[in-house]
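Below is one structure; the comments refer to it alone.
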Ligand code: NAP
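In this note's numbering, the protein residues as written are 1202 to 1386.
Shown next, in the form of structure tokens:
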């Protein structure tokens, strides 16, 4: 039995992440989905709360659970100030896992230093499927619904997510234009 781990901020969870998970599902029996930066919300870069992202992932991966006979666990992971102990922090919050899927250099480094196997994850149709662009489209009233799984559309509508993003973008012009350029939590 192999249990994998895949982490992202999922702001929002989109079809690129979905395709990554579909591929991971071919290699593992169970998958822990870490919701990174779980403590951050209500900014343009991180508009959705951990609870809202739990809903997005839980509902979207249901189809893989049926099709691939996959068991998933969605676990919110708060950021911490010390990268040196972050891998242990993740492990302390999750069911045990055997292999990490990531292509974030820092994430790869921290788990490898902790002697955990890391496999490179791919991203699909990256030109179209990028969190930053999808959030911009939500704000600007451009099409975005075809870039996320249907259950994510339902969650965003249930929580009035577009209205929230637009309000935040008005209040937070600096966050909108500057924070997306770096890879900080
Ligand atoms: P991320 O901050 O969510 O994503 C960074 C960038 O990589 C985003 O542009 C993202 O695109 C993109 N990306 C995500 N998955 C990808 C893939 N499979 N292929 C290509 N690009 C991909 O980072 P993350 O690696 O997905 O998540 C790492 C989480 O761990 C973050 O929440 C981070 O804060 C946390 N972390 C915390 C610490 C600490 O607290 N000390 C240390 C290390 C990591 P999208 O926007 O389209 O998703």
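Note that CB positions come from ideal geometry on N, CA and C, so glycine has one too.
Would you mind reading off the limits of the alpha helix (DSSP H) that contains residue i?
i, result
"residue 1289", "1287–1294"
"residue 1235", "Not the alpha helix (DSSP H): residue 1235 falls in the beta strand (DSSP E), residues 1231–1236."
"residue 1369", "1362–1372"
Checking 9 Å against the spacing of the C-beta atoms, do residue i and residue j come in under that value?
i, j, result
"residue 1258", "residue 1211", "yes"
"residue 1207", "residue 1302", "yes"
"residue 1323", "residue 1305", "no"
"residue 1234", "residue 1272", "no"
"residue 1353", "residue 1269", "no"
"residue 1308", "residue 1319", "yes"
"residue 1213", "residue 1349", "yes"
Need the endpoints of the beta strand (DSSP E) that residue i sits in, please.
i, result
"residue 1204", "1204–1209"
Report all residues from its chain with a CB closer than 7 Å to the CB of residue i; omit the five preceding and five following residues, and keep chain order.
i, result
"residue 1311", "1284, 1287 and 1288"
"residue 1367", "1340"
"residue 1250", "1242"
"residue 1279", "1239 and 1240"
Closer than 6 Å by C-beta to residue i: which residues in its own chain qualify, once you throw out the five before and the five after it? Chain order, please.
i, result
"residue 1390", "The question about residue 1390 has no answer, for the chain in this structure spans 1202 to 1386."
| said: Going residue by residue through the region 1302–1356, where are the continuous alpha helix (DSSP H) segments of at least 4 residues, counting only ones entirely within it? | reply: Runs of the alpha helix (DSSP H) inside the region 1302–1356: 1306–1314 and 1332–1341.
| message | Which complete alpha helix (DSSP H) runs does the region 1221–1283 hold, if anything under 4 residues is left out? | response | Within the region 1221–1283, complete alpha helix (DSSP H) segments of at least 4 residues are found at 1251–1261 and 1263–1268, given in chain order.
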